[in-house]
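2 protein chains.
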Amino acid sequence: MTDPRRSSDPGLAFEAHDHADCAGDVLRRAEAVSADRGARLTPVRRRALEILLESHRAMGAYEVLERLAEDGFGNQPPVAYRALDFLVDQGLAHRIRRLNAFAACMHPGEAHSPAFFICRSCSAVAEAPAEAVRAAMDSAAATIGFSVERMNIEALGLCPACGETAA
Amino acid sequence: MTDPRRSSDPGLAFEAHDHADCAGDVLRRAEAVSADRGARLTPVRRRALEILLESHRAMGAYEVLERLAEDGFGNQPPVAYRALDFLVDQGLAHRIRRLNAFAACMHPGEAHSPAFFICRSCSAVAEAPAEAVRAAMDSAAATIGFSVERMNIEALGLCPACGETAA
DNA sequence: TCTTGTATGTTATAGCATAACATGTCAACC
DNA sequence: GGTTGACATGTTATGCTATAACATACAAGA
């Protein structure tokens, strides 16, 4: 469970790291953020976040649901969608539209507008800071008089590891 | 059909314009682009593009399918998806993931990496040039060693017209 | 205690997408 | 002309994604 230096993880956000630490840390920050805001990180919601944190992959709602059901929570789609929607609303998870999937936010609480890099080979998803991207979008929006509320910025391609083996 | 200055159109890419001209022009360029490449803009494909061009909205595959069926084409989902996939592959249409929908490309043939501004009130979709956005993404990708193949950049918010009435 | 708001659970259904296979069409080649 | 092969279209069937609508439970405050 808290196996350090696990290497079976397909994601690792493209870089080897102690994933147990990484996930635990994010979870702790998520709890703090929720408490600050008076948002209730209930058992299902917390468990859903843990599940997402187990890998740096994006997971489908039904995949999360299956795991939740194993843990004794309801096994109908709304159970998963509600928990995931909560996490997304609170900025504790992100929705990856290209994959119809969800991924834990790696920087809960920090104001950030993330961009996602999705490896089409190993399915790892990296969340990169994209302030420059957001700035460019804001300025494009300004020129057409559009007011932006939410953004999805996703790139599909090859992560460093898969790019090498393919080449 | 070629009614100039039609105003019922919800999109108009956020700006009043002669939509018949705009759509006709795009269609003509799409034909030229296809011919250049040896891509076959067959009747279904061409008709699908025309349907998308009728408004600056994104349309769901099933909505397009319905229209195609009215014109005597097949009425099963793959008919629409194949035509739409062709258009997307050829850069004649774009897929708006946030809406699970498709929109005609307003700049066929031109190398461009579009960003989409989606009005949550009137559902109009504007395709804005986003070279700066792409540049920012490329540089973010470079720092993590990721090689980008495709991108989806979408913003949800209010278009100028809807922003005013809401305010 | 009662009320109110929020969270969870369940049923049912709607909406989006594709696999797999059959048929048709057209051009290149013998 | 007939054959072959590549591509396009049509159809059946199914799988995946998401939400509406309603029922139940539970905690916090009046």
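First to last, the protein sequences are chains A and B. Each residue of the first sequence is one higher than the one before, starting from 1 at the first, in our numbering. Each residue of the second sequence is one higher than the one before, starting from 1001 at the first, in our numbering. Think of the CB as a built atom: it goes at the ideal place given N, C-alpha and C, for glycine as much as any other residue. These numbers were taken from a predicted model, which means no experiment stands behind them.
With a Cβ-Cβ cutoff of 8 Å, do residue i and residue j count as a contact?
i, j, result
"A1142 (chain B)", "V1026 (chain B)", "no"
"A1128 (chain B)", "A1115 (chain B)", "yes"
"R1058 (chain B)", "V1125 (chain B)", "Checking the sequence, you will find Ala at residue 1058 (chain B) rather than Arg. Going by C-beta atoms, A1058 (chain B) is nearer than 8 Å to V1125 (chain B)."
"I1096 (chain B)", "L1156 (chain B)", "no"
"A1080 (chain B)", "L1065 (chain B)", "yes"
"L41 (chain A)", "A30 (chain A)", "yes"
"A130 (chain A)", "A1136 (chain B)", "yes"
How many angstroms separate the CA atom of residue i from the CA atom of residue j?
i, j, result
"A1020 (chain B)", "R82 (chain A)", "44 Å"
"P1108 (chain B)", "I153 (chain A)", "22 Å"
"L1087 (chain B)", "H1094 (chain B)", "8 Å"
"D1003 (chain B)", "E1110 (chain B)", "Here D1003 (chain B) scores only 40 on pLDDT, less than 50, and its place in the model is too uncertain to base an answer on."
"D85 (chain A)", "A1032 (chain B)", "45 Å"
"E1149 (chain B)", "L158 (chain A)", "8 Å"
"R47 (chain A)", "L1099 (chain B)", "29 Å"
"Q76 (chain A)", "S1147 (chain B)", "38 Å"
"E15 (chain A)", "D1138 (chain B)", "19 Å"
"R45 (chain A)", "Q90 (chain A)", "11 Å"
"G1038 (chain B)", "D1071 (chain B)", "26 Å"
"R1134 (chain B)", "M1151 (chain B)", "8 Å"
"G1049 (chain B)", "G74 (chain A)", "Position check: residue 1049 (chain B) holds Leu in this sequence, whereas Gly was assumed. If you take the alpha carbons of L1049 (chain B) and G74 (chain A), they lie about 44 Å apart."
"G1145 (chain B)", "T165 (chain A)", "14 Å"
"R67 (chain A)", "R1028 (chain B)", "52 Å"
"E63 (chain A)", "P78 (chain A)", "13 Å"
Could you check whether the Cβ of residue i sits closer than 8 Å to any Cβ belonging to chain A?
i, result
"R1006 (chain B)", "Low confidence applies to R1006 (chain B): its pLDDT is 41, below 50, so where it sits in the model is not reliable, and the reading given next is rough at best. No, because no Cβ of chain A sits closer than 8 Å to the Cβ of R1006 (chain B)."
"E1154 (chain B)", "yes"
"A1130 (chain B)", "yes"
"E1149 (chain B)", "yes"
"G1163 (chain B)", "yes"
"V1133 (chain B)", "yes"
"G1145 (chain B)", "yes"
"A1142 (chain B)", "no"
"A1058 (chain B)", "no"
"A1115 (chain B)", "yes"
Among the options, which residue has its Cα nearest to the Cα of residue i?
i, options, result
"P43 (chain A)", "A:R37, A:A69, A:D18 and A:D36", "A:A69"
"L185 (chain A)", "A:D18, A:D36, A:R37 and A:A35", "Any question about residue 185 (chain A) goes unanswered here, given that chain A covers just 1 to 167."
"M106 (chain A)", "A:V133, A:H56, A:E149 and A:D89", "A:H56"
"C1122 (chain B)", "B:I1051, B:A1039, B:G1145 and B:A1161", "B:A1161"
"G163 (chain A)", "A:R67, A:R120 and A:G38", "A:R120"
"A101 (chain A)", "A:I51, A:S34, A:R37 and A:G24", "A:I51"
"A1132 (chain B)", "B:G1145, B:I1144 and B:H1112", "B:H1112"
At a Cβ threshold of 8 Å, is residue i touching chain B?
i, result
"C159 (chain A)", "yes"
"M137 (chain A)", "yes"
"F169 (chain A)", "Shown here, chain A extends from 1 to 167; a query on residue 169 (chain A) therefore has no answer."
"F193 (chain A)", "Because chain A is modelled from 1 through 167, residue 193 (chain A) falls outside the range shown and cannot be assessed."
"R97 (chain A)", "yes"
"A126 (chain A)", "yes"
"A69 (chain A)", "no"
"A16 (chain A)", "no"
"F86 (chain A)", "no"
| Along the chain, which unbroken stretches of the beta strand (DSSP E) at least 3 residues long are found entirely within the stretch 1119 to 1162 of chain B? | Here the runs fully enclosed are 1125 to 1129 and 1147 to 1158.
| What are the uninterrupted segments assigned as beta strand (DSSP E) that are 3 or more residues long and contained completely in the stretch 1083 to 1124 of chain B, given in chain order? | 1093 to 1096, 1101 to 1104 and 1114 to 1119
| Unbroken stretches of the beta strand (DSSP E), 3 residues or longer, contained in the stretch 13 to 97 of chain A | 93 to 96
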